[in-house]
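Protein chains in written order, with my numbering: chain A, 91 to 626; chain B, 3 to 99; chain C, 23 to 228.
Following: one structure in structure tokens, then a few remarks.
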Amino acid sequence: MSDYAAGAQGNYLQKEGRGGILSWIFSTDHKRIGILYLVAILSLFLVGVTLGFFMRLELITRGPTIMAANTYNSLFTLHGVIMLFLFIIPVTPSVFGNFLLPIMIGAKDVAFPRLNLLSWWFYMAGAFLAILTLLIANGPADTGWTFYAPYSIRTGTNVTLALSAVVVLGFSSILTGINFVTTVHRLRAPGMTWMRLPLFVWAVYATAWIQILATPILGVNLMLVVAERLLGIGIFDPAKGGDPILYQHLFWIYSHPAVYIMILPAMGAISEIVPVFARRTIFGYKAVAYSSIGIAAVGSLVWGHHMFVSGFSYTAGVYFSLFTFFVAIPSAIKVYNWVGSLYKGSLEAATPLLYAFAFIFLFSIGGLTGLILGALSLNIHLHDTYFVVAHFHYVKFGGAGFGFFAALHYWFPKMFGRMYNTKLANVALLLLFIGFNTLFFPLFVLGFQGMPRRYYDYLPQFTNGQLISIVGSWILVAGVILMVGNLIHALFKGKKAQANQWGGATLEWQVPSPPPKENFEEIPEVKYGPYHFKRD
Amino acid sequence: MDYTEKAHRPIKYSIFVYVWLALVALTWLTVAVSGMHMGRLSLISPFIIASAKAFLVVAFFMHIKYEAGIFRLFIGVALATMFVVVWLVYSDIAFRS
Amino acid sequence: MNETAEIAANKHKDYTGAKIGMWLFLFTELFLFFGPFLLYSIFRYRYSTDFINAGSELSLFVGSINTVVLLTSSLSVALSISALQKGNKKLTLLLLGVTIVLGAVFLVNKYFEWDAKIVHGLYPGAEALLSRPKGEILFFGLYFFMTGLHALHVIAGMSVLAVITFFVMRDKVTQSDYVKIENGGLYWHLVDVIWIYLFPLFYLIR
């Protein structure tokens with residue numbers, strides 16, 4: 091397979107029409123939309139990091155330090171809403187799914203380019219509404235990102251607006267999901283059979299199904315809370331015979347699978363990176379591909395493990411605990427296969443692979459502590475403590491977040507045609523890794539000792555742990571700044587990247603960097619699997 | 003991927019009219035049955051009749067009978083998801099102490 | 023313009039792709055209603071007597087009429103697609119018009135039905151309702167939420183069909199290019215399917 095030359099098209103970054111910002115925000119090119127998402131999502135990520143930084147800083151002394159208790163409540167709510175709904179849920183599917191999925195399957199665009207653009211606009215509208223809760227009277231929501239009834243029905247803060255923001259973001263997510271499923275079914279290039287799909291595509295495909303089937307349930311649940319607040323229909327209000335535990339059911343029916351919306355595409359990216367830098371085909375292609383579907387399916391059956399102490403039935407607790415253990419199986423299959431792929435490979439310790447190592451290490455800790463929390467009896471001790479906070483940060487930030495960083499460093503030269511400074515990127519990784527563990531590992535210990543989450547204050551015996559964790563947050567922030575700074579610098583001053591910077595075998599590496607406007611001069615015919623490195 | 007379409011020929015008007023007659027008849031049936039007190043049966047009979055009606059609408063009006071198998075597979079996935087969610091939610095509701 | 027047509031590799035309009043997209047969207051609508059359906063079943067299980075008492079206050083007659091109206095509108099939209107495929111533009115426009123009018127009839131009935139309940143103080147938050155047993159409060163809460171959400175979908179479906187009528191008039195949707203009317207029809211049928219389930223939920227329990 092030779093390079094598909096760019097020819098006369100020019101690349102997608104080149105000025106189009108009159109140019110300017112309008113040629114971006116109204117572009118239906120999947121690559122430009124991917125970049126739009128990247129800019130918006132990374133900006134909001136930095137906002138979320140800042141909020142988290144100040145939450146930690148508040149805890150540097152006991153009692154009120156830099157903010158009052160209800161400010162702290164608003165802060166952790168907004169940190170959660172931004173980091174989950176605006177950053178980690180959309181980030182990998184929307185940025186890399188959009189940019190790469192069509193190229194990887196040999197298509198010129200997604201199935202519905204205009205819906206794709208609409209999806210970005212919904213995202214921006216949702217982001218706008220979420221930020222708006224800060225600026226208008228009554229103040230931002232103070233319920234936590236979960237908006238649990240009945241408190242969310244009663245509090246006077248801007249919960250209705252925050253809920254609307256999440257519903258609008260849900261639309262965005264659904265449209266992206268519909269687009270990806272249809273694209274994978276209909277627009278694969280000739281010869282691109284299901285068993286030749288890159289594993290990233292498999293992961294995004296599985297994710298898209300969760301986005302389609304689960305998001306509407308969250309949407310209607312939040313609409314019910316809005317109706318409850320505006321009209322008082324009574325469904326979640328115990329005073330009127332309603333049942334707030336049902337809110338938790340409908341909330342987690344979406345929000346637990348949402349964890350897999352975050353982690354699956356990140357896992358997909360790791361499955362791309364590992365074989366390329368081990369210079370050998372992936373170990374157990376089918377196992378990794380099907381385990382994506384398996385995680386999506388079994389992951390939809392475990393939502394009740396968030397509710398073990400809510401007062402729901404013991405029978406349900408047993409089921410949900412069992413399924414929680416089951417979902418570890420497909421996740422472990424992936425980890426074993428990555429490690430198996432490294433075995434006897436000719437490893438090249440390039441930056442993306444190092445990020446992938448960090449992902450595997452941190453995700454394994456996150457996953458294993460998830461099993462501890464999934465055990466019914468232990469959960470009673472650990473529920474709503476720092477242990478839970480540490481666990482989900484290891485999964486969401488250590489897993490999905492580091493997976494995103496790995497993907498960013500892997501595909502950056504493809505997306506922008508420039509290379510970043512790999513030394514600085516490695517230093518940034520070191521800072522991120524040390525900072526992350528210093529920040530979150532002590533929380534496991536504190537949580538086990540009984541430190542509850544979402545408090546702006548703590549007992550004297552937790553002081554040391556809190557201080558270590560706060561120092562960790564500084565190192566982590568330094569790492570984030572260095573990483574982002576290095577990438578932004580590379581955008582303008584970086585060396586030119588090659589078409590196939592890493593020697594990958596998937597289709598996106600067969601087109602020039604950055605890719606031409608239409609991706610391919612003519613639709614390629616695929617003759618090999620995605621990790622077939624030896625070519626004649 | 004092949005983009006060839008099965009040019010599905012226009013469906014006869016008469017088929018739609020028959021389906022509509024069946025739907026109206028089922029509506030009459032469900033109203034008639036609802037007046038009779040049959041205990042447990044009157045709890046599920048409206049649901050069964052509604053499902054029969056929905057099946058007719060999906061199969062004929064929505065052309066699923068004439069479409070490729072992939073559509074049936076998709077519908078199966080959606081229905082299976084619903085079934086599992088109901089089962090798990092009721093594992094709580096039915097055993098609450 | 024970067025339309026789906028061009029993307030499908032200059033070969034053909036990808037009708038199957040468009041319909042897959044539509045069906046996936048219909049699933050999201052289905053799951054949107056699935057949530058309240060589940061809640062309804064739980065509260066009905068817990069407060070069955072209250073639900074039966076409250077349900078008997080709704081007019082079975084109006085509910086049945088509305089069911090038949092919506093079923094008939096489904097028939098007319100299904101016929102309109104066949105008519106267009108056979109090249110009968112006039113009949114297509116007529117049938118689409120009939121569908122939209124029937125949608126409007128449904129909404130007018132719904133309006134009077136709601137109005138009658140609101141006049142008697144049977145709406146969420148009303149004193150008269152709050153003094154009743156808990157199951158009845160929940161029944162009417164769900165009734166207004168679910169039929170309200172459904173009515174919004176009827177309005178959305180009517181708007182979609184109105185746009186498609188316009189397309190047919192301007193020959194943008196034609197005998198050889200009819201996927202838009204098929205997808206619009208699919209949406210309308212889904213609104214019908216949801217009503218098929220809503221009807222026994224609220225009107226047939228006694």
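Even glycine gets a Cβ: it sits at the ideal position worked out from N, Cα and C.
These numbers were taken from a predicted model, which means no experiment stands behind them.
Whole runs of the alpha helix (DSSP H) within the region 418-496 of chain A, excluding any shorter than 4 residues: 441-464, 466-472 and 476-483
Inside the region 246-323 of chain A only - alpha helix (DSSP H) runs reaching at least 4 residues: 249-276 and 289-320
Bounding residues of the alpha helix (DSSP H) (the contiguous stretch that carries A:Leu577): Taking the first residue of the first sequence as 1, we reach residue 577 of chain A at position 487. Run containing A:Leu577: Thr553 to Lys583, per the alpha helix (DSSP H) assignment.
Chain B within 8 Å of A:Ser117, Cβ atoms only: Locating residue 117 of chain A in the first sequence gives position 27, where the first residue counts as 1. No - not a single Cβ of chain B is within 8 Å of the one on A:Ser117.
A:Ile244, DSSP secondary structure in three states: Against the first sequence, residue 244 of chain A aligns to sequence position 154. It is worth fixing the name first, because residue 244 of chain A is Arg in this sequence and not Ile. A:Arg244: helix per DSSP, three-state reduction.
Neighbour flag for C:Val176 against chain B, beta carbons, 8 Å: Within the third sequence, residue 176 of chain C is the residue found at index 154, counting from 1. So, not an interface residue.
Inter-residue spacing [alpha-carbon to alpha-carbon] between C:Ala76 and C:Ser63: Position 54 of the third sequence, counted from the first residue, corresponds to residue 76 of chain C. Position 41 of the third sequence, counted from the first residue, corresponds to residue 63 of chain C. Their Cα atoms are separated by approximately 15 Å.
Residues bridged to A:Arg508 [DSSP beta-bridge criterion]: If you number the first sequence from 1, residue 508 of chain A lands on position 418. Per DSSP, A:Lys586.
CB of A:Ala480 within 8 Å of CB of A:Leu533, strictly: Translated into positions along the first sequence, residue 480 of chain A becomes position 390. Translated into positions along the first sequence, residue 533 of chain A becomes position 443. In this structure, A:Leu533 lies closer than 8 Å to A:Ala480 by Cβ.
Alpha-carbon spacing of A:Met285 relative to A:Lys376, whole angstroms: Here the question's residue 285 of chain A lines up with position 195 in the first sequence. Here the question's residue 376 of chain A lines up with position 286 in the first sequence. Each residue's Cα considered, the two are about 8 Å apart.
Contacts of A:Ser563 in chain D (Cβ-Cβ under 9 Å): Of the protein chains in this structure, namely A, B and C, none is chain D.
Whole-angstrom distance between A:His396 and B:Leu90, CA atom to CA atom: Taking the first residue of the second sequence as 1, we reach residue 90 of chain B at position 88. Taking the first residue of the first sequence as 1, we reach residue 396 of chain A at position 306. Looking at the two C-alpha atoms, the distance is approximately 14 Å.
Chain B contact for C:Thr94 (CB, 8 Å cutoff): The residue given as residue 94 of chain C occupies position 72 in the third sequence. It does; some Cβ of chain B falls within 8 Å.
Beta-carbon contacts of A:Leu289 that lie in its chain and below 8 Å, excluding the five residues immediately before and after: Sequence index remark: in the first sequence, residue 289 of chain A carries index 199 (1-based). Cβ neighbours of A:Leu289 beyond the five flanking positions: Gly358, Ser361, Glu362, Ile372, Tyr375, Val378, Ala379, Ser382 and Pro620.
Candidates A:Gly407, A:Gly569, A:Phe530 and A:Phe451, of which the one nearest A:Trp428 by Cα: Residue 428 of chain A sits at position 338 when you count from the first residue of the first sequence. Taking only the C-alpha atoms, the option nearest A:Trp428 is A:Phe451.
Cβ-Cβ separation, C:Ile103 to C:Tyr200 (assumed contact under 8 Å), whole Å: Against the third sequence, residue 200 of chain C aligns to sequence position 178. Against the third sequence, residue 103 of chain C aligns to sequence position 81. Going by Cβ atoms, the distance from C:Tyr200 to C:Ile103 rounds to 7 Å, so yes, they are a contact pair.
Endpoints, the alpha helix (DSSP H) within which C:Ala89 is located: Against the third sequence, residue 89 of chain C aligns to sequence position 67. A quick correction: the sequence has Thr, not Ala, at residue 89 of chain C. Start and end: Leu82 to Gln107.
Run of the alpha helix (DSSP H) containing A:Glu598, from where it starts to where it stops: Against the first sequence, residue 598 of chain A aligns to sequence position 508. First-last for A:Glu598: undefined, no H or E at that position.
Which of helix, strand or coil DSSP assigns to B:Pro48: For this step, residue 48 of chain B is matched to residue 46 along the second sequence. In the structure shown, B:Pro48 sits in a helix (DSSP, three-state: H, G or I).
Contact belief for C:Tyr69 with A:Gly331 at Cβ below 8 Å, rounded distance in angstroms: Translated into positions along the third sequence, residue 69 of chain C becomes position 47. Translated into positions along the first sequence, residue 331 of chain A becomes position 241. Yes, C:Tyr69 and A:Gly331 are in contact; Cβ-Cβ is about 7 Å, under 8 Å.
Extent of the continuous alpha helix (DSSP H) run through C:Leu212: To locate residue 212 of chain C, count along the third sequence from 1; it is residue 190. Segment Val201 to Tyr225, the alpha helix (DSSP H) holding C:Leu212.
Within the region 191-237 of chain A, ranges of the alpha helix (DSSP H) (whole runs, at least 4 residues): 203-225
A:Asn101 - DSSP class collapsed to helix/strand/coil: Within the first sequence, residue 101 of chain A is the residue found at index 11, counting from 1. Strand.
Residues that C:Thr38 contacts on chain A, provided the C-beta gap is smaller than 8 Å: Mapped onto the third sequence, residue 38 of chain C falls at position 16. Those are Arg276, listed as they occur along chain A.
Where A:Pro606 sits in the DSSP three-state scheme: Counting from one through the first sequence, the residue named residue 606 of chain A turns up at place 516. Correct three-state label for A:Pro606: strand.
Interface flag, B:Val33 vs chain C, CB-CB below 8 Å: Here residue 33 of chain B is taken as the residue at index 31 of the second sequence, counted from 1. It does; some Cβ of chain C falls within 8 Å.
Chain B contacts made by the region 97-125 of chain C, where a contact means CB separation under 7 Å: Leu97, Ala100, Leu101, Ser104, Gln107 and Lys108
Bridge-paired residues (DSSP) for A:Thr167: Numbered from 1 along the first sequence, position 77 holds the residue referred to as residue 167 of chain A. The partner list for A:Thr167 (beta bridge, DSSP) is empty, contrary to what the question assumes.
Distance between beta carbons of A:Ala201 and A:Thr272, contact taken as under 8 Å: Here residue 272 of chain A refers to the residue found at position 182 of the first sequence. Here residue 201 of chain A refers to the residue found at position 111 of the first sequence. Right, the Cβ-Cβ distance comes to about 4 Å (below 8 Å), so this counts as a contact.
Secondary structure of A:Thr371, DSSP reduced to three states: Taking the first residue of the first sequence as position 1, residue 371 of chain A is located at position 281. It is coil, neither helix nor strand.
Chain A residues whose Cβ lies nearer than 8 Å to that of B:Phe97: One-based indexing of the second sequence puts residue 97 of chain B at position 95. What B:Phe97 touches in chain A: Ser403, Tyr404, Thr405 and Ala406.
Cβ contact check for the region 206-214 of chain C and the region 182-195 of chain C: 3 or more pairs under 8 Å: yes
Buried/exposed call for C:Phe55, threshold 16 Cβ in 10 Å: For the purposes of this step, residue 55 of chain C is taken as the residue at position 33 of the third sequence. Burial call: buried.
Neighbour flag for A:Val258 against chain C, beta carbons, 8 Å: The residue labelled residue 258 of chain A in the question sits at position 168 within the first sequence. Not closer than 8 Å to any Cβ of chain C, the Cβ of A:Val258 fails to qualify, so no.
Secondary structure of A:Pro542, DSSP reduced to three states: Within the first sequence, residue 542 of chain A is the residue found at index 452, counting from 1. In the structure shown, A:Pro542 sits in a strand (DSSP, three-state: E or B).
Own chain partners of A:Trp599 with C-beta closer than 6 Å, once the 5 adjacent residues on each side are dropped: Against the first sequence, residue 599 of chain A aligns to sequence position 509. So the list reads Asn590, once near-sequence residues are dropped.
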